[in-house]
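Working notes for the structure below.
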Amino acid sequence: MKPTGLTRGAVNRPAWSAAFFVASCLALVSAGCAVGPQYVKPSVPEAPTDAFKELQGWKAAQPSDELPRGTWWELFGDPQLNALEEQLTVSNEDLKAAEARFREARAMIRVNRSSELPTVSTAPAAAYARNGNTPISTSTLNESATGVYTLPFDLSYELDVWGRVRRTVAAAREHAQATAADLQTVNLSLQSELAFDYFELRSAEVQKRLLDDTVNAYAEALQLTTNRFEGGAAARSDVAQAKTQLDATRVQATDLAVQRARFEHAIAVLVGTPPSAFSIPVGPLELVPPDIPVGVPSQLLERRSDVASAERRTAEANEQVGVARTAFFPTVLLSAAVGYEGNQLSNWFDWPSRFWSIGPNVIQTIFDGGRRRAVSDAAMANYDETVAEYRQFTLTAFQQVEDNLAALRVLEEETRQQADATASAQESLRIFTERYIGGLDPYLQVLTAQTIALTNERNGVDIMRRRMDASVLLIKSLGGGWTVSDLPTAS
């Protein structure tokens, strides 16, 4: 049977064409209109020259190139360190957590982009209803009750006239880029911490070897003093002093085992292994700081992931300002519905039971007690905060590079000075030992010379440890070979 007339909510074909034309025009308008500020990368403090201040007197590696991409620790030429760093990248739990945060941020882009498409929903319903104030009886039940069977499909689509959806998507993308930079920051921090602990462990081993050698030398000195005492050439106090010196040095050597164990346990946790199931064999005890390519200050802003993260969050905050300002403009929605509605199962899906409707809705907040203004002001304040943080990150980056350049330059000079002081102390010990054997000086002179010589040797090891630590920190402050081009693209 051919249907006649219009169903509930239906419109004729001219009306449908007009509604479709209006919706199409609004969609085209929405593609080119957006309120809010356009993002401009904030200016940051710049170095007055094309070189770091503390490079003066400190020779950088030539050519002054970037660090090895992603494997900066290979500069130290230590196979054990290389193996540990590779294990860290796949086993560290903090790194896994940072990677999960990045995946979450990337998923939020898809969440926000879903608003660029219409939402279609359905809510089928079947009910049997009786009108009120009607006596219930067998004879009146069928007369007073009616069936309601509906199968609607509703479409709702926000026309992005003022750019709210686009700015929300852009903010999500920039947040994801910032989170990707955060992931690299965590990665570099963990890598640096592992290298730092590793060189502290190796330094403890060097100190242990030095003290073990010193214990052997002091044992020989004790035997010499004992022989002289038994021969009547030395007092008993000389033996007691020599034994005290030997025992005290043994205590220092034993105590270093605590330091080494602590750093070994820290490394175990970093590589995701229980300390009870992890050990590092004693390795080569020669620590040599590498030549580190430094570059120029302008490159630093491209090589620091934390600086890149701060800049991306500034861009995100700028988009949020635009989102807040769209609240002052009306929201334009395109709504449509289509489906079937009947009063019996037999006529639910008949052609006359169909219905459909389409048309735009405009929603405008007239009064909200200043809420929109407050939200806009808060978004602007948040943007100003991120700009200040970005500039502070930049200043801190320059400071950290200068600090470690100065440390390496000064410590290199200290190494030469300490080598001279250690050689003089060893020569002094040799002279006082010979004079004691010859009966010209008391054993107190030997004890003093021994203490001075050991102190200078331990200072030399400590300076080398500080040079290794400063090398790691300099690489970290330079970004570890990372560049801003490693950020995921907007797509």
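Position 141 of the sequence shown, counted from 1, bears residue number 1276 in the working numbering, the numbering being contiguous throughout. Note that the Cβ used here is the ideal one computed from N, Cα and C, for glycine as well. This one's a predicted model, so the numbers in the text were calculated from it and none came from an experiment.
Here the stretch 1253-1262 makes no contact with the stretch 1434-1442; the two share fewer than three CB pairs at distances below 8 Å. Scanning its chain for C-beta atoms nearer than 8 Å, with the 5 sequence neighbours on each side dropped, one finds around V1350 the residues L1381, T1384, R1385, A1388, in chain order.
Inclusion of A1452 and D1317 in the CB contact set at 8 Å is not warranted, their separation being larger than that value. Note: A1264 is bridge-paired with T1281 in the DSSP secondary-structure output. Residue pairing for T1254: DSSP places it in a beta bridge opposite S1291. Under DSSP, the beta-bridge partners assigned to W1491 are V1473.
Counting along the chain, the unbroken alpha helix (DSSP H) around D1597 starts and ends at 1578-1612. The Cβ-Cβ distance between V1404 and A1306 does not fall below 8 Å. Nearest to I1598 by alpha-carbon distance, out of A1584, L1546, E1335, is L1546. Sequence-distant Cβ neighbours of V1473 in its own chain, meaning closer than 6 Å and more than five residues away, are F1288, W1491. Under the DSSP definition of a beta bridge, T1466 partners with I1498. Its chain contains L1210, F1211, S1606 as the residues whose beta carbon lies nearer than 7 Å to that of P1425, once the 5 sequence neighbours on both sides are disregarded; these appear in chain order. Per DSSP, the continuous alpha helix (DSSP H) segment holding G1457 begins and ends at 1440-1460. A distance below 8 Å between beta-carbons, with the five flanking residues on each side excluded, links S1338 to the following residues of its chain, in chain order: L1422, V1596, D1597, M1599, R1600, M1603. Annotated as distal: E1220 and Q1319, with beta-carbon spacing of 8 Å or more.
Bounds of the alpha helix (DSSP H) holding S1563 are 1506-1572.
Per the C-alpha coordinates, the member of L1609, A1584, R1489, P1465 positioned closest to R1299 is P1465. The beta carbon of V1406 sits closer than 8 Å to the beta carbons of L1219, Q1222, L1223, S1226, N1227, L1329, F1413 from its chain, once the five residues preceding and following it are set aside; these are given in chain order.
Excluding residues up to 5 positions away in sequence, W1208, A1330, Y1333 lie with their Cβ nearer than 7 Å to the Cβ of L1216 in the same chain. Between V1456 and P1416, the alpha-carbon positions lie close to 56 Å from each other. Excluding five sequence positions before and after F1528, the CB atoms of its chain that fall closer than 7 Å to its own CB belong to D1441, V1442, A1445, given in chain order.
If you draw a straight line from the Cα of F1533 to the Cα of P1177, it comes to about 17 Å.
Your pair T1500 and R1507 checks out as a contact, with CB atoms roughly 7 Å apart and the cut at 8 Å. In summary, V1536 is buried, with 16 or more beta-carbon neighbours lying within 10 Å of its beta-carbon over all protein chains present. Between the C-alpha atoms of A1556 and L1589 there is a straight-line separation of about 11 Å.
Taking C-beta atoms under 8 Å as the contact rule, E1340 and R1395 qualify, at a distance of about 6 Å.
When DSSP states are grouped into helix, strand and coil, L1323 belongs to the helix group.
Nearest C-alpha to A1584 among R1593, A1560, R1544, R1238: A1560. Around the beta carbon of W1486, fewer than 16 other beta carbons sit within 10 angstroms, so the residue counts as exposed.
Secondary structure of L1286 (DSSP, three-state): strand. In this structure, DSSP gives Y1174 a state outside helix and strand, which the three-state scheme calls coil.
Membership of S1372 in the alpha helix (DSSP H) is indicated by the continuous run 1371-1405. Sixteen is the threshold: when 16 or more other Cβ atoms of the shown chains lie within 10 Å of the Cβ of L1582, as they do, the residue is buried.
Considering only F1364, D1347, T1531, V1431, the residue with the shortest C-alpha distance to D1390 is D1347.
In this model, A1368 and R1551 are separated by some 40 Å (Cα to Cα).
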